[in-house]
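Heads up, the thing below is written out as structure tokens.
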Amino acid sequence: MYLPDFDYYAPQNLEEACSLLTHLGSKAKVLSGGTDLMVKMKHGVISCEVLVSLKELNELKEINYHQGKGVVVGARATHNDLVNSIILNEKYLSISEAAHHMASNQIRNIGTVGGNIVNAVPSADLPPILIALGATLTLVGPEGERTIPLEEFFTGPGRSVLAQNEIVTFITIPNQPTTGSNYIKFGLRRSGALAVIGVASAVTMEGNIIKDARIALGAVAPVPMRAKEAEAILIGKEYTDDLLEQAGVAASKECSPISDIRGSVEYRRDMVRVFTKRSLKAAITKGHSGEHLETAHSNNI
Ligand SMILES: Cc1cc2nc3c(=O)[nH]c(=O)nc-3n(C[C@H](O)[C@H](O)[C@H](O)COP(=O)(O)OP(=O)(O)OC[C@H]3O[C@@H](n4cnc5c(N)ncnc54)[C@H](O)[C@@H]3O)c2cc1C
459 MYLPDFDYYA PQNLEEACSL LTHLGSKAKV LSGGTDLMVK MKHGVISCEV LVSLKELNEL
519 KEINYHQGKG VVVGARATHN DLVNSIILNE KYLSISEAAH HMASNQIRNI GTVGGNIVNA
579 VPSADLPPIL IALGATLTLV GPEGERTIPL EEFFTGPGRS VLAQNEIVTF ITIPNQPTTG
639 SNYIKFGLRR SGALAVIGVA SAVTMEGNII KDARIALGAV APVPMRAKEA EAILIGKEYT
699 DDLLEQAGVA ASKECSPISD IRGSVEYRRD MVRVFTKRSL KAAITKGHSG EHLETAHSNN
759 I
């Protein structure tokens, strides 16, 4: 199976990239790592006559901490850049660990955080933990820049609010008092498996009281979703295992999974119950930790 012919541009700056996209219209697509785009082009899932590569835009590769703003991750940062970032390792190990359990090392070397988000695949691993941590997205187009909460970016499987001539430039994880955060990917194998479900949580504690909680679920709805009913059960209450179980039950009820080759509706709902509880407990007791990959095998499920 061969790649169809296409024209290729590598603009030197964002302005040039946006005007190229505007000029070329729907026959052009942004190319970042190409781990999704190239596969889809090869299989004829999408047809695309022109690729506009971001490879010259080196400012989009950086991961920096900005005082008063938070951690700013360039959309071209690869999964292994997230794994190896000293800033993320220190502040949000949960993000580095989520990236560490994605795909294979080869894919992690070239697949990017921007591509993972723009793809808008419900089972993608990075959106849940970024949503739980309140991340925002910066989008640049010919009319300028706009910033939106990541959880408002997705509109359906493979769909988002991104305009054809816009580019995702940065993901910002704002400064926050969060005590801990965590992402658990539940897959059918230890490596190279897509998530059957993914659960991320970020919790702020005041002594034994849960002051704030954010739960984000992947692979159980058309878009990555907040489990707001589960969050409401937790906020203002004393942390107990029973309370976390109640939150898990609520999350399993408010998600809307489908049955597919990786799991049935009932199985996914029950796994949401189990892993919401585990993710919350890890966020409360282990900080921004990396308790991440669970498999059917390791859980005797
Ligand atoms: C073998 C294999 C295993 C995988 N395993 C996993 C996994 O475990 N978990 C997981 O979540 N994903 C997985 N993926 C999916 C994929 O690797 C990721 O989604 C990756 O992050 C995509 O990034 P990319 O840079 O390669 O995107 P590309 O393929 O370059 O682009 C993907 C889409 O995003 C658009 N795009 C990319 N960057 C931007 C930008 N900055 N602005 C605007 N549009 C942009 C492109 O136009 C295209 O539509 C896997 C893929 C493969 C092939």
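Under the working numbering, residue 759 is the last one in the sequence shown; the count climbs by one each step, no gaps. Beta carbons are placed, not taken as given, at the ideal position from N, Cα and C, and that holds for glycine.
Query, Result
"Under the three-state DSSP convention, the category His746 falls into", "strand"
"Residues bridged to Glu517 (per DSSP)", "Partner(s): none; Glu517 has no beta bridge."
"Candidates Pro586, Glu601, Pro600: closest to Thr594 by CA position", "Pro586"
"Closer than 7 Å: Met560 CB and nearest ligand 1 heavy atom", "yes"
"Closer than 7 Å: Ala475 CB and nearest ligand 1 heavy atom", "no"
"Residue-chain proximity (Ala690, chain D), Cβ-Cβ < 8 Å", "Protein chain content of the structure displayed is limited to a single chain, and chain D is not contained in it."
"Segment limits, beta strand (DSSP E) that includes Lys487", "486-489"
"Exposure label - Ala690; buried when at least 16 CB within 10 Å", "exposed"
"Cutoff 8 Å; reference Lys739; Cβ partners in own chain excluding five residues on either side", "Asp699, Leu702"
"Of the listed residues Ile504, Gln525, Ser552, nearest to Asn577 (C-alpha basis)", "Ile504"
"Own chain, CB closer than 6 Å to Thr630, minus 5 neighbours either side, in chain order", "Gly528, Val530, Thr594"
"Val678 versus Phe611: straight-line alpha-carbon distance, rounded", "17 Å"
"Straight-line Cα distance separating Met499 from Glu724", "34 Å"
"Val530 Cβ short of 7 Å to ligand 1 heavy atom set", "no"
"Neighbourhood of Asn757 by C-beta distance below 6 Å, restricted to the same chain and skipping five residues each side", "For Asn757, the predicted structure reports a pLDDT of 44, less than 50, and the residue's modelled location is therefore unreliable. The matter cannot be settled from this model."
"Range of the contiguous alpha helix (DSSP H) that encloses Gly572", "571-576"
"Length of the line joining the Cα atoms of Lys513 and Ala468", "7 Å"
"Nearest neighbour of Ile545, chosen from Gln525, Ile693, Gln564 [CA to CA]", "Gln525"
"Rounded straight-line distance, which links the Cα of Ile673 to that of Ile759", "Note on Ile759: pLDDT 39, under 50, position unreliable in the model; the coordinate value appears next. Rounded to the nearest angstrom, the two C-alpha atoms are 23 Å apart."
"Sequence-distant residues of the same chain with beta carbon closer than 6 Å to Ser554, five excluded per side", "Leu540, Val541, Leu546, Asn547"
"Beta-bridge pairing of Arg617 - partner residues as DSSP gives them", "Gly614"
"Ile642 beta carbon near ligand 1 (any heavy atom closer than 7 Å)", "no"
"Proximity below 8 Å, CB of Asp465 to CB of Glu517", "no"
"Ala653 vs Lys669 beta-carbon contact at 8 Å", "no"
"Member of Ser490, Gly599, Arg720, Ser710 whose CA lies at the smallest distance from the CA of Arg534", "Ser490"
"Chain-order list of residues whose beta-carbon lies under 7 Å from that of Gly569 (same chain, five-residue window excluded)", "Gly491, Thr493, Thr536, His537, Ala561"
"Any non-hydrogen atom of ligand 1 within 7 Å of Asn577 CB", "yes"
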